[in-house]
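Numbering (the working numbering), first residue to last: 4 to 292. In this text, a Cβ means the ideal position worked out from N, Cα and C, and glycines have one as well.
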Amino acid sequence: MNSELWIEEKLEDFLGLRIRVEKTLFSGKSPFQSVDVVETRGHGKMLLNDGLIMVTERDEFSYHDMITHVPLFVHPNPKKVLVIGGGDGGTAREVIRHPSIEKCTMVEIDEMVVNACKEYIPQTSSKLNDPKVDLIIGDGVKFVEEAAKTGDRYDVILVDSTDPIGPAQPLFGHEFYENIFKALSDDGIVVSQGESPFYQTTMQNKLVQILHDTFPIVSIYNFSNLTYPGGLWSFTFGSKKYHPTNDFKSDRVEQSGLDFEYYNAEVHNAAFALPTFMRKRLGQWLKDR
Ligand code: SAM
Numbered sequence: 004m005n006s007e008l009w010i011e012e013k014l015e016d017f018l019g020l021r022i023r024v025e026k027t028l029f030s031g032k033s034p035f036q037s038v039d040v041v042e043t044r045g046h047g048k049m050l051l052n053d054g055l056i057m058v059t060e061r062d063e064f065s066y067h068d069m070i071t072h073v074p075l076f077v078h079p080n081p082k083k084v085l086v087i088g089g090g091d092g093g094t095a096r097e098v099i100r101h102p103s104i105e106k107c108t109m110v111e112i113d114e115m116v117v118n119a120c121k122e123y124i125p126q127t128s129s130k131l132n133d134p135k136v137d138l139i140i141g142d143g144v145k146f147v148e149e150a151a152k153t154g155d156r157y158d159v160i161l162v163d164s165t166d167p168i169g170p171a172q173p174l175f176g177h178e179f180y181e182n183i184f185k186a187l188s189d190d191g192i193v194v195s196q197g198e199s200p201f202y203q204t205t206m207q208n209k210l211v212q213i214l215h216d217t218f219p220i221v222s223i224y225n226f227s228n229l230t231y232p233g234g235l236w237s238f239t240f241g242s243k244k245y246h247p248t249n250d251f252k253s254d255r256v257e258q259s260g261l262d263f264e265y266y267n268a269e270v271h272n273a274a275f276a277l278p279t280f281m282r283k284r285l286g287q288w289l290k291d292r
């Protein structure tokens with residue numbers, strides 16, 4: 004009898020990513036999604052929302068380094084950062100490592116994700132109680148709509164969201180990005196989880212088109228993520244003033260004294276070098292040359 008337990012994340016009806024599971028640590032159903040934390044055989048602890056892999060301890064550094072440090076090293080003096088989603092805490096953890104940061108506001112809709120990660124994945128959640136992190140349990144769409152009205156301004160906004168399912172659906176819409184634009188300072192930058200450049204081209208095209216309609220500088224960059232389907236993943240980059248590579252002062256990375264696992268100045272520049280198939284598909288909407 005084979006007693007091995009494997010979790011399989013399916014992409015549409017033709018691809019599966021399998022990870023061996025040692026035991027289930029938490030399993031719950033929130034008003035928004037199912038939330039599971041499991042101990043895997045080779046990837047440490049893993050968070051799944053609605054059966055989709057969010058983070059694993061082994062490779063979360065690539066996602067969190069690249070969503071955070073790319074915009075925070077392009078912006079010359081980021082003080083106020085807003086994270087939408089990001090319930091595992093990995094993005095906020097990286098944001099507050101930058102000494103210029105005065106406050107990182109994080110708006111996560113699902114308290115169950117936060118609590119499960121606080122209890123079972125301290126590697127990502129350990130800084131959620133830091134005084135610089137202002138954790139708000141609420142809908143990021145409504146929060147940004149309010150911020151756009153009240154004149155609250157952020158230097159950098161990071162949209163660390165799930166795929167466009169359920170409450171994350173409006174995070175991939177026009178209106179959300181119009182409000183993001185208003186909630187950013189005059190030299191603000193937004194970076195968003197940008198889906199797979201191989202498999203989720205419809206959604207990636209849509210996101211880049213929205214940015215094209217909203218921001219004067221628009222780009223997209225890639226990084227490797229072992230536990231997302233296909234392994235290559237993207238972040239979109241919308242900016243009011245700073246170009247992602249021309250305005251990137253690489254010396255600042257070394258001068259910061261920060262130590263990274265994935266990010267460095269060479270990776271920063273290289274990530275924006277798009278494979279031809281992406282440039283062909285997205286070039287019409289990019290504003291990065
Ligand atoms: N790195 C992950 C990925 O792309 O697979 C995303 C990590 S984080 C767990 C994503 C979070 O976004 C989830 O916890 C989810 O609850 C949250 N989220 C989804 N829609 C949201 C909304 N409208 N407002 C705030 N948070 C939202």
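At the level of alpha carbons, what is the spacing between residue i and residue j?
i, j, result
"Gly-141", "Asp-254", "38 Å"
"Phe-240", "Ile-192", "7 Å"
"Lys-48", "Phe-17", "26 Å"
"Arg-284", "Phe-201", "11 Å"
"Thr-248", "Ile-223", "11 Å"
"His-72", "Pro-34", "32 Å"
"Gly-92", "Val-211", "26 Å"
"Glu-11", "Val-58", "15 Å"
"Val-117", "Val-86", "14 Å"
"Leu-50", "Asp-163", "14 Å"
"Ile-104", "Asp-262", "17 Å"
"Leu-277", "Tyr-245", "19 Å"
"Phe-251", "Arg-292", "14 Å"
"Pro-79", "Val-24", "43 Å"
"Gln-203", "Gly-234", "13 Å"
"Leu-272", "Asn-52", "It is Asn, not Leu, that sits at residue 272 in the sequence shown. For Asn-272 and Asn-52, the distance between alpha carbons rounds to 32 Å."
"Ile-183", "Cys-120", "27 Å"
"Glu-181", "Ser-6", "51 Å"
"His-215", "Arg-44", "42 Å"
Could you tell me if the beta carbon of residue i falls within a distance shorter than 7 Å of some heavy atom in the ligand SAM?
i, result
"Val-110", "yes"
"Ala-171", "yes"
"Leu-214", "no"
"Gly-197", "no"
"Val-86", "no"
"Ser-164", "yes"
"Asp-39", "no"
"Val-136", "no"
"Met-57", "yes"
"Phe-35", "yes"
"Gly-3", "The structure shown does not extend to residue 3, since the chain spans only 4 to 292, so no value can be given for it."
"Val-144", "yes"
"Val-350", "An answer regarding residue 350 cannot be provided, because it is not within the stretch 4 to 292 covered by the chain."
Report the CB separation of residue i from residue j in whole angstroms; it is logged as a contact under 8 Å.
i, j, result
"Val-41", "Leu-28", "6 Å"
"Met-109", "Ile-70", "Rounded, the Cβ-Cβ distance is 13 Å, inconsistent with contact."
"Leu-187", "Lys-243", "6 Å"
"Asp-137", "Lys-106", "6 Å"
"Glu-264", "Phe-76", "No, Glu-264 and Phe-76 are not in contact; Cβ-Cβ is about 15 Å, not under 8 Å."
"Gly-54", "Ser-37", "7 Å"
"His-101", "Pro-74", "The Cβ separation is near 10 Å, so there is no contact."
"Asn-267", "Asp-62", "Incorrect: roughly 17 Å between the Cβ atoms, too far for contact."
"Ser-195", "Phe-238", "7 Å"
"Pro-167", "Phe-175", "4 Å"
"Ile-124", "Glu-60", "7 Å"
Mark residue i as exposed unless 16 or more other C-beta atoms lie within 10 angstroms of its C-beta, in which case mark it buried.
i, result
"Lys-83", "buried"
"Arg-96", "buried"
"Phe-218", "buried"
"Trp-9", "exposed"
"Phe-280", "exposed"
"Thr-153", "exposed"
"Asn-132", "exposed"
"His-3", "With the chain covering only 4 through 292, there is no way to say anything about residue 3."
"His-177", "exposed"
"Gly-286", "exposed"
"Glu-148", "buried"
"Glu-1", "As displayed, the chain neither begins before 4 nor continues past 292, which places residue 1 out of reach and without an answer."
"Pro-134", "exposed"
"Asp-158", "buried"
"Thr-230", "buried"
"Ser-128", "buried"
"Gly-143", "buried"
Answer yes or no: the CB of residue i versus the heavy atoms of the ligand ATP, is any distance below 7 Å?
i, result
"Asp-91", "For the ligand ATP, the structure offers nothing, since it holds only the ligand SAM."
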